[in-house]
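Peer 1: Below: one structure in structure tokens.
In this note's numbering, the protein residues as written are 1294 to 2398.
Have a look at this one:
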């Protein structure tokens, strides 16, 4: 599923070679916009130059994943004179490029590689100037490259730009010949950054003159020396399709904008909504800007002013900081900005705000966006597939693009990942997808209007759910007191100037007014009818309604209907509407909506969202709690088209979504499929930790299946789901087969659907510590339960020892031994563990009790300093009273400082604040989702959730799939090696691959060595155990592991785990013929004079920075 560029773009061969010198050029680039510009440049040379002709073959880097493309690339490289590469930062593909190009590098006349991975940069060859010995030369440029060799993305390219500006002072340090070639290298970079067909034409002529034709008799040639110097464009600036120049000052741009004769006075009004666009300069200078032109035109046609800014490097925060604020001479030289000029930001770059595909600086990006304080949307160009492939695909976006251009920008706080453009198969240029351009523009304008519209006139729709299906549970959500929380939201809205009448006296009264019949929570609902929609009105306002008739017949149907009209349930409170999302519609088979491609929403479901957008006119909708069914409606997995039901249903309404902080995977689905800006809320800890762990793992497995079922891993994942379901006793309610190996995809879907339905029913009851109320601090009981769970975990990365371990150490015992003996039923240690557990709770409760308010809640956490008061800390006193007077106070101090910090984070009220910011069209800070027990960085809640949770890999499903792959690999190797297992295998761990597969390649290495990950009580992988040789059934294989930079940065804990696993194997007292890790480490230790642990070092990576 990769973009197939037509041969007229990929390969150009001159028609007439008579009397002409043929130059063969091969290039591989990340940015598709260079293809059309290079093709145009080559055609111009071939049409106009009498003595040289160029044959060019070009590839986008992702196209090399195709075996056929890679084979053709290798053939093209074999006969090339000139090789060009740019932005090759995808690690595994960089390796493929080097493997194909390195053997032929010496035969090239010239090789020019622009910012890429260091191994690609070493392919550079320009006369005497080379980067093949990168880091060994002491020249100025080599020193620059050495400092940057581990850099990529923004810092690297911006550094190159700075070097260009200081070129004269750099060259004086180089020998004359090298100085000339170094100058040509930097000149080439200027041509390349210029990017226009004219600049690239002169770039190719310069290479021909200086290197290809250098030793060719040119006496009969028309000189190629008459090429022009590069046209240099601003490093950053402001662009507009109708302007004749690029602007480097926002005041000059606005003066030009306000003097335009082609626009109405409304667009010249400074009070008109204004949208800021973030663009790549390469698209502008290459002329590949049709999608940029389209979005500017669409926004202006809708009445918005537009400020489109660009950057030449990969740090787009610079033009954001420079051009989205009013300039004020009195502020120059200070760190202050003038008034913000824009109401919403839409990035069209396809990258993170700061950095390219390999390295990003998310803290810098977040700081810039936090200062700007505007919604940050990211619209996407199709890069790795054609428009037709995308339209026909159930998957939607290619997984590589999801990882690079959705998941990574989400770490910056990006929302609304809507496709903007495809690619013209004839020219290779971007083409605007008009209905998607309209969608981006309409939604950007709606977010902008939240900034402009007075609160008193703003309409907010709150949507509550009825889940599990078929149970009449109106107003329920995971771990949330929905009506109690809505009541707090209503008070906050009223206090902030929204038009709400006198509120009900309590949350219970509110529930009764919305539901009308209080028994609706427990039986079939009799709900308030807020609106009756006639069939003609519905069909006129719902253009996709005819598509629903295949499943539901003509409207109004029998759901949310009185037989003549479609019914919208809910109640109005001034400018607030509390509506009830209609049920799935598949009462007999509710999971069909998740797994069936033929399903669709029913007419009543569609009518509800039509009412919100087009009849009542909601300015924003707030989906209240985890979770509804909008985001699970049929359509592409990611990268919605206009035909996908989530896209059609949400329409143009800004979507805010309160989502449980511990469920980032499904929150991500809501973000990507229903364009939600998620706002996390705190989840009370479950009382039964074993059940909590099992259900959580099972839920994660089902999430993995939904993502990976079409990738060939479906069978293994379903088998794992069934095994886990048996472990948590769900097989007593569900008939589970022994294996799904011979089942069809539909049968597997049905099994997973049955498990998922039962799991949802159980989760709806699993609320032992009460329900969270948005905007209210936790009760003392909730705070204690949360902190106890946090205190029970060792945190090696922070050098914190768990409280049970500290207590056990004080009596000379090992807590792990106590756990093991308790599991075996040794009475003494069962009782001891019970006492340690109770003591842990009482000790943590002593910390919390010092912070309780009059209502029994922990509302304001102050720093406790009992040293200055001449008192013992209350937790130390509690330990003494429990009979543990010898606890290590030096170990207790950092632990309780950490617990005090966590308590502050638990009690921080950002949930209401984030909602109010979202409704005001402001930026909501991003943060990781996950369980706050295992990852306190989830706190405080009220963050825009992103899904990446590195500590959760490898998942159980990844481990199971990895075992199959490794066993097959070793069996094949043994057959090929005369019955002998390989003793050592070299492995490379790529960051993106492990993101996509949930750590499958990581798990493969673990299984080679014969270690398995052991999730802790809350699912975090922080420990390994040796697999006994009897179970392994083969020798432990030695490994050498090279981790990519992305893997190193994202999964540092997993690197440490691998290192621990290898050393555990080396130290195992086992026969050497069954443990190749130990065999080799013992030999290396003896030869090198080092200890066994040092000799067992097997995990390597480049240094950070």
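Ideal placement from N, C-alpha and C gives every residue a C-beta, glycine not left out.
Values in this document were obtained by computation on a predicted structure and should not be read as measured data.
Which same chain residues end up closer than 6 Å to residue 1720 when comparing Cβ atoms and leaving out the 5 residues on each side of it in sequence?
Peer 2: Closer than 6 Å at the Cβ level, and outside the excluded window around residue 1720, lie 1329.
Peer 1: Here's the rule I'm using: 16 or more other beta-carbon atoms within 10 Å means buried, otherwise exposed. How should residue 2299 be labelled?
Peer 2: Burial call: buried.
Peer 1: When you compare the CB positions of residue 1393 and residue 1366, do they come within less than 7 Å of one another, or not?
Peer 2: Cβ atoms of residue 1393 and residue 1366: closer than 7 Å.
Peer 1: Determine, using beta-carbon pairs with one atom in the region 2210-2228 and one in the region 2100-2109, whether at least three such pairs fall under 8 Å.
Peer 2: Touching, no.
Peer 1: Give the list of continuous beta strand (DSSP E) stretches no shorter than 3 residues that lie fully inside the region 1674-1745.
Peer 2: You should have 1712-1716 and 1723-1725.
Peer 1: Excluding the five sequence neighbours on either side, which residues of its own chain have a C-beta within less than 8 Å of the C-beta of residue 1413, listed in chain order?
Peer 2: Once the five neighbours on either side are set aside, the close Cβ partners of residue 1413 are 1378, 1381, 1387, 1390, 1391 and 1406.
Peer 1: Assuming residue 1530 is part of the beta strand (DSSP E), what are its boundary residues?
Peer 2: Residues 1529-1531.
Peer 1: In terms of residue numbering, what span does the alpha helix (DSSP H) encompassing residue 2214 cover?
Peer 2: Premise fails: residue 2214 is in no alpha helix (DSSP H) and is neither H nor E.
Peer 1: Would you mind working out which of 1396, 1809 and 2088 sits nearest residue 2316, comparing C-alpha positions?
Peer 2: When only C-alpha atoms are compared, the closest one is 2088.
Peer 1: Can you give me the start and stop residues for the alpha helix (DSSP H) that residue 1965 sits inside?
Peer 2: Note, residue 1965: alpha helix (DSSP H), 1957-1966.
Peer 1: Residue ranges of each alpha helix (DSSP H) run of no fewer than 4 residues wholly in the region 1875-1950, ordered along the chain?
Peer 2: Qualifying alpha helix (DSSP H) stretches, in chain order: 1885-1888, 1896-1903 and 1938-1943.
Peer 1: Between which residues of its own chain and residue 2134 is the CB-CB distance below 7 Å, once the five residues before and five after are set aside?
Peer 2: Contacts found: 2077 and 2081.
Peer 1: Thinking just about the alpha-carbon of each residue, which of 2186, 2007, 2001 and 2165 is nearest to the one in residue 2093?
Peer 2: Cα-wise, what sits closest to residue 2093 is 2186.
Peer 1: Just the Cα atoms here: how many angstroms apart are residue 2403 and residue 1535?
Peer 2: As shown, the chain starts at 1294 and ends at 2398. That puts residue 2403 outside it, with no answer to give.
Peer 1: Consult DSSP for residue 2308 and reduce its assignment to one of helix, strand or coil.
Peer 2: If DSSP states are grouped into helix, strand and coil, residue 2308 belongs with the strands.
Peer 1: Please confirm if residue 1917 has its CB atom under 7 Å from at least one CB of chain D.
Peer 2: In the structure shown, chain D does not exist; there is a single protein chain.
Peer 1: Tell me which same chain residues have a C-beta within less than 7 Å of the C-beta of residue 1845, skipping the five on either side of it?
Peer 2: Hits under 7 Å: 1895 and 1896.
Peer 1: For residue 2190, which of helix, strand or coil comes out of DSSP?
Peer 2: The answer is helix: DSSP assigns residue 2190 an H, G or I state.
Peer 1: Can you name, in chain order, every residue of its own chain whose Cβ lies under 7 Å from the Cβ of residue 2371, other than the five neighbours on each side?
Peer 2: Closer than 7 Å at the Cβ level, and outside the excluded window around residue 2371, lie 2358, 2359, 2361, 2363 and 2365.
Peer 1: To the nearest angstrom, how far is it from the Cα of residue 1308 to the Cα of residue 1347?
Peer 2: For residue 1308 and residue 1347, the distance between alpha carbons rounds to 10 Å.
Peer 1: List the residues that DSSP assigns as beta-bridge partners of residue 1345.
Peer 2: Residue 1345 is bridged to 1314.
Peer 1: Given this structure, state the Cα-to-Cα distance separating residue 1805 from residue 1821, to the nearest angstrom.
Peer 2: Roughly 10 Å between the two C-alpha positions.
Peer 1: Report buried or exposed for residue 1729, applying the criterion of at least 16 other Cβ atoms within 10 angstroms of its Cβ.
Peer 2: Per the 10 Å Cβ criterion, buried.
Peer 1: Locate the beta strand (DSSP E) running through residue 1496, then write down its first and last residues.
Peer 2: Segment 1490-1500 is the alpha helix (DSSP H) holding residue 1496; no beta strand (DSSP E) there.
Peer 1: So, helix, strand or coil for residue 1388, using DSSP?
Peer 2: It is helical.
Peer 1: Going by DSSP, what residue range makes up the alpha helix (DSSP H) through residue 1615?
Peer 2: Per DSSP, residue 1615 belongs to the alpha helix (DSSP H) from 1610-1616.
Peer 1: Indicate whether residue 1905 and residue 1911 have their beta-carbon atoms separated by less than 7 Å.
Peer 2: Closer than 7 Å, so yes.
Peer 1: Can you grab the Cα-Cα spacing for the pair residue 2386 / residue 2240, in whole Å?
Peer 2: One C-alpha to the other measures close to 36 Å.
Peer 1: Looking at the structure shown, is residue 1872 part of a helix, part of a strand, or coil, going by DSSP?
Peer 2: Reduced to three states, the DSSP call for residue 1872 is strand.
Peer 1: Are there 16 or more other CB atoms within 10 angstroms of the CB of residue 2006, so buried, or fewer, so exposed?
Peer 2: Buried: at least 16 other Cβ atoms inside 10 Å.
Peer 1: Based on the DSSP output, what are the partners of residue 1423 in its beta bridges?
Peer 2: In the DSSP output, where bridge partners are listed per residue, residue 1423 has 1418.
Peer 1: Could you tell me which of 2294, 1679 and 2261 sits nearest to residue 2252, measuring between CA atoms?
Peer 2: Closest option to residue 2252, Cα to Cα, is 2294.
Peer 1: Closest by CA to residue 2167, which one among 2177, 2140 and 1927?
Peer 2: Answer by Cα proximity: 2140.
Peer 1: Taking the Cβ atom as the reference point for each residue, do residue 1834 and residue 1903 lie within a distance shorter than 7 Å?
Peer 2: Going by C-beta atoms, residue 1834 is nearer than 7 Å to residue 1903.
Peer 1: Per DSSP, which residues does residue 1567 bridge with? Please list them.
Peer 2: 1598.
Peer 1: Answer yes if the region 1518-1533 comes into contact with the region 1475-1484, meaning at least three C-beta pairs across the two stretches below 8 Å, and no otherwise.
Peer 2: Output reads yes: the region 1518-1533 touches the region 1475-1484.
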